[in-house]
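Take a look at the structure below.
In the working numbering, the protein residues as written are 8 to 553.
The following block contains the structure:
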């Protein structure tokens, strides 16, 4: 009950109490018709007295309870002693939201958040904010987090100064949990603060991050995917193939066809058997973890029929030896599955689609590439060659070229770009006229002593004594993409949380001076909810909320 309702109840109780007192006062005059009237009057007065006492206590508590403060800006942070978690809200939400009494509980509305996010996360998470009124009353309202801005964890005033706009902030003490989180947050650029909860006076903060090592379930999910069959070895001539078959083909590439060479036998010692080689052990582990029956229902569904016989031999060997999978191999298998997925993905496989994605080190790809350029001139030379711009280059290719050139310029390697220009023909005194089909000979004395010479020597091993300029650029781009595929992470998003301990204070921040409308408690603070259809929410990390 609010104050108006409480006063109405108090007045009603008083009137009933007064009426009962009058009945008791004149009980002798009317007791003949109602023999137990005096007892009833006493009971009514007792009940009303208790009700009035409770109501008075309720009103007193409402008047004495602290209110959620509304500030124009974030407070100062005592670095090393305090932590602030900021949750962005829209200005309209802050203006209309009358928090009134102190917030007693904040929790995520799981269902509303999943529906409100939709398949593309175009909307926001919904929080249920509960506040106490008086003796025992409470009220819960739904608050939509502002999806256009990010939640933030602030450890010092420099970070707080970067926060703009209205929102809710919670202050806690700096402790072991927050110190551990700060270290993780600094090392992993993929971490994103999502929302907070408050339970029993403690602040729980939830965040998402990209899993650096694929889980077995996610490997299974990827292996079922259809990808482009770039080798065109499928017997039925189809253009697509499962990633499972692509990975299996790579693992069994060096596997002999004869079972006497694959497995130990009278003619083949244990150490000589292919299954006991590095490639063989990994292929065996892959088939133990992901059998054709679990992915394709049957080995006969493999499009590359040359694999079928080898897979059957391995299946019989596994049954005969009663082998079980070893989870120690999963990280290596995960890296191979991830690499092949990127290599065959319609968007990620092309140099034209080079993007600044998150890597397994927790940094962005461009940051990682900058470090490699700084440490290794071969990598720098490869970037200079890969970024060369032919006259007929299309726009996406130009964008990727600029990304690499910006890294070289930032690391002081611009001379390598100029060397490539002069070598390829982008300068007036060029050697080859910038024709992609011009032949370059690696043994030429003109290539000796250049900054890009180490990169050219490495490419010569795969391209031969001579090649066209286009082949040289493609070789360098393949090198760059190999670094890309080996380091970027699959978007396997994980939702996790940390307990920051007791909350010291909870306030609203307007971001600037605005008029707060506190005329009504009954406000709806969430936008219209779009229903996520056709199972689109199933891959959303928030569908796994508790």
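C-beta: ideal position from N, C-alpha, C; glycine also.
As the structure is a computational prediction, the values presented were derived from the model and not from experiment.
Between the beta-carbon of residue 176 and that of residue 81 there is about 6 Å, and that keeps the pair under the 8 Å contact cut. DSSP, read as helix, strand or coil, puts residue 220 in coil. Contact annotation: residue 215 and residue 497 have beta-carbon atoms that are not nearer than 8 Å.
Between residue 246 and residue 290, the alpha-carbon positions lie close to 25 Å from each other.
Shortest Cα-Cα distance from residue 209 to any of 446, 182, 429 involves 182. Around the beta carbon of residue 79, fewer than 16 other beta carbons lie within 10 angstroms, which makes this residue exposed. A Cβ-Cβ separation of about 6 Å places residue 221 in contact with residue 499 under the 8 Å criterion.
Of the candidates 251, 484, 269, 484 places its Cα closest to the Cα of residue 391. Annotation: the stretch 457-532 contains the following complete segments of the beta strand (DSSP E) (minimum length 3 residues), in chain order: 473-475, 500-516.
Between residue 156 and residue 172, the C-beta gap is smaller than 8 Å, which places the two residues in contact. Nearest to residue 323 by alpha-carbon distance, out of 109, 266, 56, is 266.
Here the alpha carbons of residue 478 and residue 450 stand approximately 16 Å from one another.
When only Cα atoms are considered, residue 353 and residue 147 end up about 47 Å apart.
The continuous alpha helix (DSSP H) containing residue 302 extends over residues 299-303.
A straight line joining the alpha-carbon of residue 374 with that of residue 294 spans about 36 Å.
With fewer than 16 other beta carbons inside 10 angstroms of its own, residue 421 counts as exposed.
Secondary structure note for residue 96: it is in no beta strand (DSSP E), with a DSSP letter that is neither H nor E. Under the DSSP assignment, residue 163 falls outside any beta strand (DSSP E); it carries neither an H nor an E label.
For residue 184, the uninterrupted alpha helix (DSSP H) segment begins and ends at 183-194. In the assembly as shown, residue 338 is an exposed residue. Its beta-carbon has fewer than 16 other beta-carbons within 10 Å. DSSP, read as helix, strand or coil, puts residue 425 in helix.
Remark: three or more beta-carbon pairs, one from each stretch, lie closer than 8 Å, so the stretch 379-397 and the stretch 446-463 are flagged as touching. Cβ contact annotation for residue 381 (same chain, cutoff 8 Å, sequence separation greater than five): 418, in chain order. Just so you know, the alpha carbons of residue 393 and residue 408 end up roughly 7 Å apart. In this model, residue 250 and residue 412 are separated by some 33 Å (Cα to Cα). With respect to the C-alpha of residue 90, the residue from 180, 285, 370 having the closest C-alpha is 180. Residue 423 is positioned such that its CB atom lies no closer than 8 Å to that of residue 410. Taking the Cβ atoms as the reference, residue 152 lies roughly 15 Å from residue 211, outside the contact range of under 8 Å.
Residue range 110-115 is occupied by the beta strand (DSSP E) that includes residue 111.
Note on the stretch 273-297: there is no whole beta strand (DSSP E) run with a minimum of 3 residues. Membership of residue 314 in the alpha helix (DSSP H) is indicated by the continuous run 312-328. The beta carbon of residue 510 lies closer than 8 Å to those of 177, 178, 179, 205, 208, 209, 210 in the same chain, with the five residues before and after it left out. The continuous beta strand (DSSP E) containing residue 175 extends over residues 174-180. Counting along the chain, the unbroken beta strand (DSSP E) around residue 248 starts and ends at 247-249. By the neighbour-count definition (other C-beta atoms within 10 Å, threshold 16), residue 256 is a buried residue. The three-state secondary structure of residue 145, taken from DSSP, is strand.
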